[in-house]
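Novice:
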Amino acid sequence: MGDEDWEAEINPHMSSYVPIFEKDRYSSGENGDNFNMAPTSSSETDDRPRRDHFMKSGFASGRNFGNRDAGESNKRGNTSAMGGFGAGRSFGYRGFSNSKFEDGDSSGFWRESSNDCEDNQTRNRGFSKRGGYRDGSNSDASGPTRRGGRGSFRGCHGGFGQGSPSNELDQDKCMQRTGGLFGSRRPALSGTGNGDTSQSRSGSGSGRGGYKGLNEEVVTGSGKNSGKSEAEGGESGDTQGPKVTYIPPPPPEDEDSIFAHYQTGINFDKYDTILVEVSGHDAPPAILTFEEANLCQTLSNNIAKAGYTKLTPVQKYSIPIILAGRDLMACAQTGSGKTAAFLLPILAHMMRDGVTASRFKELQEPECIIVAPTRELVNQIYLEARKFSFGTCVRAVVIYGGTQLGHSIRQIVQGCNILCATPGRLMDIIGKEKIGLKQIKYLVLDEADRMLDMGFGPEMKKLISCPGMPSKEQRQTLMFSATFPEEIQRLFHSSLRLAAEFLKSNYLFVAVGQVGGACRDVQQTVLQVGQFSKREKLVEILRNIGDERTMVFVETKKKADFIATFLCQEKISTTSIHGDREQREREQALGDFRSGKCPVLVATSVAARGLDIENVQHVINFDLPSTIDEYVHRIGRTGRCGNTGRAISFFDPESDNHLAQPLIKVLTDAQQDVPAWLEEIAFSAYIPGFSGSTRGSVFASVDTRKNYQGKSTLNTAGFSSSQMSNPVDDESWD
Ligand SMILES: Nc1ncnc2c1ncn2[C@@H]1O[C@H](COP(=O)(O)OP(=O)(O)OP(=O)(O)O)[C@@H](O)[C@H]1O
């Protein structure tokens, strides 16, 4: 995912597309559902000042920032967008690309979806073969090609199954009634280039059309170069493709907003009982208090203002390791404070070393780069970095796909000590020589397993071999995640030694928590629900839940819009987030969800990782993900920081049997009830050799230096081609 980040979901390219399904082609889904209709607009046409919106979403929103209610947004997120790289997969096959649509692959509706992960992968892989999307940049500029293909799917009317909006008009009404789903609907859904909708989503296929929103320039494009990445100039305007002009609103700058946070929950103290294993030589001892870390006064003040009084386990172990200058791979359960675990010691070092105060320069040379797979996640990390560096001369900057490249450059040239970036945008900016790497002392890969898989791995390899990038001996490399799939571990410790490319040989490995890594504060329920009953069940559950904040995960981008529209029609205020939405729509959706304006957020895997949203009480897996790690990340959006949460998953025996065994393992380890029917399915779907764990240890992840001495099924690019690359996970983000 170069970046979908949400767009890698990582694909910025796709972000501006709003699906309109063509009746004839998609009159029925793979499973027979009548999903031929679709969301209407999608999103936001609303040009209200984003600033208001942003503030509502967690910073202001009528919440009290200096206190527990303040929503803090920030942090990671991600997805698993894998597929194809070196594995002979192609996006066309999955129907993610234009060709799918153009070819009229009627079966592709659901299959397509899988790829919400947006970013890099998309770019790096199949697209290049078609002459579009070359080389990993995450540019939105490339969107047109894709969108163009989709542009033909407009004007669909028709049924969407019982109770679903029956046509665009209905959808409009639905939107208006609920006042929120996709913002105001853009007027023209047909034709080329009329208004936001057409231009940015589908009209761009033809390359014509204007688009003007707040803070945005009117842009037009011939579409000739629509396949170009940012790096190729697509976004920067060097070519004629439509430019990405979205400029995100600046976050609030008042101290209360910066330090807004939510309360730790009743189970925060139970973190102390979690098992921790540190492997590697000469690990420094854990610290028990913030005081023991001996941080400078400003940093200590900021920690106190953030409401942190006690270290979480991953912080207890990681902070001294990083302070000692060691490389680290750390795995700890979702919502347990990994962000601060790397930010605090990095900032402490920077303060100790007397980092040079930022000042305007055409070429900035940051000391630290933090990379994460999705846009929303890097934004969260940035806000955390800004919070902890408050009152210091350290300047943090965030850049990500789906926004105007010029805006990213302007942020950087004003000074940059810590650069938080999605991979695609980072590589573009490096290519434009706005960032020099010579001063890099810290390289952080958040959601490291995701950053090293076939989606982002190649981009990360490029990053570490960029001219000027200090060798691994000269820099400190830190990797964090809640999961560390066996596939990645193999890569890490196999003969190809992925770890050796990134980390010093004496790196330390910290594993916090239990097998599978699911947070015990999340009460997990698995229901057997067939495809045709899912919507009804969802509505029933949501009606019982009432206004409590709920994330509903679905398999595909189109389905996300479809279900969101359906819920709107059911008068349940809902919004959606996925890699086909424009960045500003994504931010608006997240804002509406954070603020409670839309208590239901329908999301693809793009929102599975890292997002730290206050008061998410429920996660519903409308569709189960393809891998158990993805499941762990998804349900980790609730039950964070010692708070409790609930996760309900619809298990469809038609499609989910492969998950039965790992699911039972995760449920058991988290001391959850295992339904008898699930055990039966697992038994009948027994896979010889399956241990119930992908890791084979009581720890969430293990240091497989012990186990893997060679061998793995690696492709020529050095990345595995096994199940981790399931296309369903490719929802990409950046
Ligand atoms: N020591 C602490 N005391 C109080 N709150 C904390 C502490 N450490 C982290 N938090 C808060 O806990 C929440 C979760 O932290 P964070 O987002 O870093 O978790 P994570 O482990 O990275 O989760 P994920 O795996 O989902 O990315 C954040 O709101 C963060 O501010």
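Residue numbers for the sequence shown follow numbering that gives the first Met the number 0, so the first one is 0 and each next one is one higher.
No residue lacks a Cβ here, since even glycine has one placed at the ideal position from N, Cα and C.
Is there contact between the segment 617-633 and the segment 239-259, where contact requires at least three CB pairs shorter than 8 Å?
Specialist: no
Novice: Can you give me the C-alpha to C-alpha distance between L507 and S278, rounded to a whole angstrom?
Specialist: Between the alpha carbons of L507 and S278 lies a gap of roughly 6 Å.
Novice: Is P143 helix, strand or coil by DSSP?
Specialist: Confidence is the limiting factor: at P143 the pLDDT is only 33, short of 50, which leaves the residue's position unreliable, though a coordinate-based value still follows. Here P143 sits in helix by DSSP.
Novice: Going by beta carbon distance, what residues of the same chain come within less than 7 Å of P344, once the five residues before and after it are set aside?
Specialist: I318, I321 and L322
Novice: Using a threshold of 8 Å, state whether the C-beta atoms of V601 and T637 are closer than that.
Specialist: no
Novice: What first and last residue would you give for the beta strand (DSSP E) that runs through I619?
Specialist: Residues V615 to N620.
Novice: Look at the Cβ atom of F479, then the Cβ atom of A303, and state whether they are nearer than 8 Å.
Specialist: no
Novice: Going by DSSP, what residue range makes up the beta strand (DSSP E) through G644?
Specialist: G644 to F650
Novice: Exposed or buried, P422, counting other C-beta atoms within 10 Å across all chains shown (16 or more means buried)?
Specialist: buried
Novice: Alpha carbon to alpha carbon, how far is K460 from L436? Give it in angstroms, no decimals.
Specialist: Their Cα atoms are separated by approximately 14 Å.
Novice: Suppose the cutoff is 6 Å on Cβ atoms and the five residues either side in sequence are ignored; what does the same chain contact list for L418 look like?
Specialist: P365, I368 and V396
Novice: Report back the beta-carbon spacing between V553 and T603 to the nearest angstrom; my notes put them in contact at under 8 Å.
Specialist: 6 Å
Novice: Per the DSSP calculation, C367 is bridged to which residue(s)?
Specialist: I417 and Y441
Novice: Taking 8 Å as the threshold, find out whether the segment 283-303 comes into contact with the segment 382-398 through three or more Cβ pairs.
Specialist: Three or more beta-carbon pairs drawn from the segment 283-303 and the segment 382-398 are found closer than 8 Å, and the two stretches are therefore classed as touching.
Novice: For the alpha helix (DSSP H) that contains F561, what are its first and last residues?
Specialist: Counted as a single uninterrupted DSSP element, the alpha helix (DSSP H) harbouring F561 occupies residues K556 to Q568.
Novice: By the 10 Å Cβ neighbour count, where 16 or more other Cβ atoms means buried, how is D452 classified, buried or exposed?
Specialist: buried
Novice: Which of helix, strand or coil does DSSP assign to D672?
Specialist: coil
Novice: Helix, strand or coil for Q475, going by three-state DSSP, please let me know.
Specialist: strand
Novice: Ligand 1 heavy atoms versus the CB of Q314: any closer than 7 Å?
Specialist: Of the heavy atoms belonging to ligand 1, at least one sits nearer than 7 Å to the Cβ of Q314.
Novice: Determine whether the beta carbon atoms of L444 and M450 lie at a separation below 8 Å.
Specialist: yes
Novice: Candidates E432, L677 and C567: which alpha carbon is nearest D655's?
Specialist: L677
Novice: From what residue to what residue does the beta strand (DSSP E) around Q522 run?
Specialist: V521 to Q527
Novice: Alpha carbon to alpha carbon, how far is M328 from V509?
Specialist: Roughly 6 Å between the two C-alpha positions.
Novice: Could you tell me the distance, in whole angstroms, from the CA atom of G264 to the CA atom of I663?
Specialist: 26 Å
Novice: Whole angstroms is fine: what's the gap from A669's alpha carbon to I273's?
Specialist: 12 Å
Novice: Would you kindly report the start and end of the unbroken beta strand (DSSP E) that includes S388?
Specialist: From DSSP, S388 is part of no beta strand (DSSP E); its letter is neither H nor E.
Novice: Considering L407, what are the terminal residues of the beta strand (DSSP E) in which it resides?
Specialist: As written in the sequence, residue 407 is Ser, which differs from the Leu given in the question. Careful: S407 lies outside any beta strand (DSSP E), inside the alpha helix (DSSP H) at L404 to V412.
Novice: Would you say the beta carbon of A356 is closer than 7 Å to some non-hydrogen atom of ligand 1?
Specialist: no
Novice: Just curious, the alpha helix (DSSP H) that T297 is in, first and last residue?
Specialist: That run of the alpha helix (DSSP H) goes Q296 to K304.
Novice: Using the C-alpha atoms, what's the distance from P484 back to C518?
Specialist: A straight-line Cα-Cα distance of about 17 Å links C518 and P484.
Novice: Taking the alpha carbon of G609 as the point to measure from, which residue in F682, T564, Y381 and S594 has its own alpha carbon closest?
Specialist: Y381
Novice: Indicate the three-state DSSP secondary structure (helix, strand or coil) for E653 in the structure shown.
Specialist: coil
Novice: For a test of the three-state rule: what should DSSP assign to E252, helix, strand or coil?
Specialist: coil
Novice: DSSP has M328 in a bridge; who is on the other side?
Specialist: M478 and F508
Novice: Express the C-alpha separation of A292 and M81 in angstroms, rounding to a whole number.
Specialist: Any answer about M81 is weak, because its pLDDT of 29 lies below 50 and its placement is not dependable; what the coordinates show is given next. The C-alpha of A292 is placed about 38 Å away from the C-alpha of M81.
Novice: Are the CB atoms of V615 and R548 nearer to each other than 8 Å?
Specialist: yes
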